Amino acid sequence: MLLRVDKVESFYGRSQILHGVSLEIKEGEFVCVLGANGAGKTTLLKTIAGLVKPRRGAVEFAGRRIDAFPAHQIVREGITLAPEDRKIFPQMSVYKNLILGAWVHGGAPEKIQKNITQAYDLFPILKDRRDQMAGTLSGGEQQMLVIGRSLMSNPKLLMLDEPSLGLAPLVVERIFEIIQEIHRRSTTVLLVEQNASMSLTTAGRGYILENGRIILEGPAQNLLEDEKVKKAYLGL
Ligand SMILES: Nc1ncnc2c1ncn2[C@@H]1O[C@H](COP(=O)(O)OP(=O)(O)OP(=O)(O)O)[C@@H](O)[C@H]1O
Ligand SMILES: [Mg+2]
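Residue numbers (the working numbering): 7 to 242.
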């Protein structure tokens, strides 16, 4: 198992958000977690990334317990998060924004160059715009930049927090195609989304998170055909 989240309970102050969440991801899988606003999706990703410390439960990555590690150490272990808020540095060039994701390589030029080449290959638009200030990019391009930057550390597990949020349908399709391509190139993917139909037609397996609890899990195909999922998440 590449990632094992075991009965995790996460809080903000006294307010409990995750109530014993468990999930497992094998190397090479593409897994999605679906849930409505406030279900705890971002909190779950932050807990795995070490940005929120679970009060109970455990997170294991590649057989090692990581939940007490600081966030930068977790990146070194091979997990990156493309965050929901898409924070970029608007006054810096696209190229410099990408380079910021490569700090784990400690300045080793050949590793940085290899990752830049990969990022430009996945996102040709970022290559075209490399000298442009990142703040001038469109919403979809900024999302691409955030994903590209997350890949600069060459992660084993890429976590994506609602990459489709606020983007036009055609741009969403493009983003999902690219995520699929990243997965094909052998990165394990954990995707959190409200867009259930796109996610379940792209991922291999899924979990449904409601009020901080996993209420359903299974192969994406089964979830697509599940009556409850159809009603609550697919609007069918
Ligand atoms: N920093 C924080 N301090 C206190 N409460 C928070 C904090 N961040 C989130 N919450 C609360 O935790 C709950 C879960 O939030 P979370 O962001 O994990 O949900 P989500 O599923 O990602 O929602 P969305 O789809 O809107 O992004 C919400 O009720 C939210 O108000
Ligand atoms: Mg969220």
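For every residue, glycine included, the Cβ atom is placed at its ideal position computed from N, Cα and C. These numbers were taken from a predicted model, which means no experiment stands behind them.
In the structure shown, Ala-174 adopts coil according to DSSP, grouped into three states.
Residue burial annotation: Tyr-213 is buried, with at least 16 other C-beta atoms found within 10 angstroms of its C-beta. Excluding residues up to 5 positions away in sequence, Arg-10 lie with their Cβ nearer than 6 Å to the Cβ of Glu-66 in the same chain. Distance check between Arg-136 and each of Val-110, Ile-80, His-111, Ser-99 places Ser-99 closest, using alpha-carbon atoms only.
Per DSSP, the beta bridge partners of Glu-30 are Arg-10. According to the DSSP assignment, Ala-108 belongs to no alpha helix (DSSP H), since it is labelled neither H nor E. Of the heavy atoms belonging to ligand 2, at least one sits nearer than 6 Å to the Cβ of Thr-48. Around the beta-carbon of Pro-161, 16 or more other beta-carbon atoms lie within 10 Å, marking it buried.
Within the DSSP secondary-structure output, Thr-194 pairs in a beta bridge with Leu-163. Within 10 angstroms of the beta-carbon of His-78 lie fewer than 16 other beta-carbons, which makes it exposed.
For Glu-90, the distance from the CB to the nearest heavy atom of ligand 2 is below 6 Å. Between the alpha carbons of Ser-203 and Leu-163 lies a distance of about 23 Å.
By the Cβ rule, the segment 162–181 does not count as touching the segment 118–136, because fewer than three pairs are nearer than 8 Å. Under the criterion of beta carbons closer than 8 Å, Leu-8 and Leu-50 do not qualify as touching, at roughly 16 Å. According to DSSP, residue pairing for Thr-86 in a beta bridge involves Leu-164. Counting only runs of at least 3 residues, the segment 44–77 fully encloses the following beta strand (DSSP E) elements, listed from N- to C-terminal order: 62–67. With a beta-carbon spacing of about 11 Å, Leu-230 and Cys-38 fall beyond the 8 Å limit used to define contacts. For Met-139, the closest C-alpha among the options Glu-183, Tyr-101, Leu-128 is that of Tyr-101.
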